[in-house]
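Put into structure tokens, the structure is as follows:
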């Protein structure tokens, strides 16, 4: 088991393995998204309160879920990098940040567009879910700015890992904000006690979209980590040999 | 047409799906572009070093 992880953490091994695995994440991801989008837009019944506007859920919820998952990947990888000094872990953390920021941006904008017809406003500063999600976007920006500001990669890795770990508090706040405080935002729908509070015709496309987005995120992350590994290892022998080999990469 | 109108919420629903598609395509394009750029930079440096030796 440890041998497997040790081998996986080896940059040349990961670089080659990620190139093979990434398409295996992308294809099921795209198929699931195609199913989820079609079923969500055209087959799912209309919501009795929100009408067809509820269909925004099929892009908003997967984006919001990925905004939190990407942050947790970034923080856990940063933590692993700090404790076990694993170079690959820092590369994963660095690669996850721009993707996390992109999905947080999507969650905020799609949520705002959904809020306009349902709440009568694009934004509500007093709402804990909205505000904490915006803070999450700023945490991603801060993380990327910090990395960019430090030239020494090892120092940048350490400083950004500490920032990522501190920011986990906000992830917890985002997740539980709708339970802890009164909010314009609706409460938990999927992770509710007693099971999801949704009609199966609405639920299955949503699960398809969440799973599809997760696979697609996995594919994008693997490809970004590959680039990060290549950049960090640019002065090593295996990179030189790979580039000079007839196959290249 | 009725499907596209989404009960007068079409502008909200389609703009969200369109924006999501745009962000996903942009993320994919950025990942490809950065990989190409990094690979090319390293390749140029290594080949220059090889020629000098």
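Residue numbers (our numbering), protein chains in the order written: chain A, 3 to 251; chain B, 36 to 88. For glycine and all other residues, C-beta sits at the position ideal for the given N, C-alpha and C.
Out of the options, point me to the one whose CA is closest to residue i's CA.
{"i": "residue 212 of chain A", "options": "A:90, A:68 and A:27", "result": "A:68"}
{"i": "residue 159 of chain A", "options": "A:148, A:169 and A:46", "result": "A:148"}
{"i": "residue 43 of chain A", "options": "A:198, A:51 and A:204", "result": "A:204"}
{"i": "residue 104 of chain A", "options": "B:42, B:56, B:40 and B:48", "result": "B:56"}
{"i": "residue 183 of chain A", "options": "A:227, A:133, A:221 and A:25", "result": "A:133"}
{"i": "residue 47 of chain B", "options": "A:12, A:93, A:119 and A:189", "result": "A:119"}
{"i": "residue 60 of chain A", "options": "B:86, B:81 and B:54", "result": "B:54"}
{"i": "residue 248 of chain A", "options": "B:78, B:51 and B:68", "result": "B:78"}
{"i": "residue 167 of chain A", "options": "A:155, A:189, A:144 and A:220", "result": "A:144"}
{"i": "residue 85 of chain A", "options": "A:99, A:146, A:35 and A:164", "result": "A:164"}
{"i": "residue 66 of chain B", "options": "A:41, A:24, A:33 and A:34", "result": "A:24"}
{"i": "residue 10 of chain A", "options": "A:136, A:240, A:173 and A:88", "result": "A:88"}
{"i": "residue 146 of chain A", "options": "A:97, A:200 and A:74", "result": "A:97"}
Taking the C-alpha atoms as reference points, what is the distance between residue i and residue j?
{"i": "residue 162 of chain A", "j": "residue 230 of chain A", "result": "15 Å"}
{"i": "residue 45 of chain A", "j": "residue 209 of chain A", "result": "14 Å"}
{"i": "residue 176 of chain A", "j": "residue 130 of chain A", "result": "8 Å"}
{"i": "residue 63 of chain A", "j": "residue 238 of chain A", "result": "42 Å"}
{"i": "residue 14 of chain A", "j": "residue 83 of chain A", "result": "18 Å"}
{"i": "residue 40 of chain B", "j": "residue 215 of chain A", "result": "26 Å"}
{"i": "residue 194 of chain A", "j": "residue 112 of chain A", "result": "22 Å"}
{"i": "residue 141 of chain A", "j": "residue 150 of chain A", "result": "14 Å"}
{"i": "residue 87 of chain B", "j": "residue 232 of chain A", "result": "23 Å"}
{"i": "residue 48 of chain A", "j": "residue 125 of chain A", "result": "25 Å"}
{"i": "residue 108 of chain A", "j": "residue 223 of chain A", "result": "17 Å"}
{"i": "residue 18 of chain A", "j": "residue 62 of chain B", "result": "21 Å"}
{"i": "residue 181 of chain A", "j": "residue 39 of chain A", "result": "29 Å"}
{"i": "residue 192 of chain A", "j": "residue 57 of chain A", "result": "15 Å"}
{"i": "residue 196 of chain A", "j": "residue 187 of chain A", "result": "20 Å"}
{"i": "residue 139 of chain A", "j": "residue 77 of chain A", "result": "14 Å"}
{"i": "residue 225 of chain A", "j": "residue 95 of chain A", "result": "13 Å"}
{"i": "residue 254 of chain A", "j": "residue 51 of chain A", "result": "This structure gives no information on residue 254 of chain A, because the portion of chain A shown stretches from 3 to 251."}
{"i": "residue 26 of chain A", "j": "residue 128 of chain A", "result": "43 Å"}
{"i": "residue 116 of chain A", "j": "residue 51 of chain B", "result": "8 Å"}
{"i": "residue 235 of chain A", "j": "residue 189 of chain A", "result": "46 Å"}
{"i": "residue 219 of chain A", "j": "residue 36 of chain A", "result": "15 Å"}
{"i": "residue 241 of chain A", "j": "residue 202 of chain A", "result": "50 Å"}
{"i": "residue 34 of chain A", "j": "residue 200 of chain A", "result": "19 Å"}
Can you find a C-beta in chain A that's less than 8 Å from the C-beta of residue i?
{"i": "residue 66 of chain B", "result": "yes"}
{"i": "residue 69 of chain B", "result": "yes"}
{"i": "residue 86 of chain B", "result": "no"}
{"i": "residue 77 of chain B", "result": "yes"}
{"i": "residue 60 of chain B", "result": "no"}
Would you mind reading off the limits of the alpha helix (DSSP H) that contains residue i?
{"i": "residue 31 of chain A", "result": "13 to 40"}
{"i": "residue 199 of chain A", "result": "First-last for residue 199 of chain A: undefined, no H or E at that position."}
{"i": "residue 159 of chain A", "result": "155 to 168"}
{"i": "residue 244 of chain A", "result": "239 to 246"}
Could you check whether the Cβ of residue i sits closer than 8 Å to any Cβ belonging to chain B?
{"i": "residue 65 of chain A", "result": "yes"}
{"i": "residue 116 of chain A", "result": "yes"}
{"i": "residue 201 of chain A", "result": "no"}
{"i": "residue 61 of chain A", "result": "yes"}
{"i": "residue 241 of chain A", "result": "yes"}
{"i": "residue 101 of chain A", "result": "yes"}
{"i": "residue 123 of chain A", "result": "no"}
{"i": "residue 216 of chain A", "result": "no"}
{"i": "residue 149 of chain A", "result": "no"}
{"i": "residue 44 of chain A", "result": "yes"}
Hey, would you say the C-beta of residue i is under 7 Å away from at least one heavy atom of the ligand FMN?
{"i": "residue 45 of chain A", "result": "Ligands displayed in this structure: none; no statement on the ligand FMN is therefore possible."}
| said: Restricting to runs no shorter than 4 residues, where is the alpha helix (DSSP H) found entirely within the region 71 to 139 of chain A? | reply: 89 to 121
Check your understanding: Taking only runs of the alpha helix (DSSP H) that begin and end inside the region 37 to 61 of chain B, which ones reach a length of at least 4 residues, in chain order?
Key -> 37 to 40
Listed from N- to C-terminal order along the chain, which residues in the region 73 to 89 of chain A have their beta-carbon within a distance smaller than 7 Å of any beta-carbon of chain D? Protein chains in the displayed structure are A and B, and chain D is not among them.
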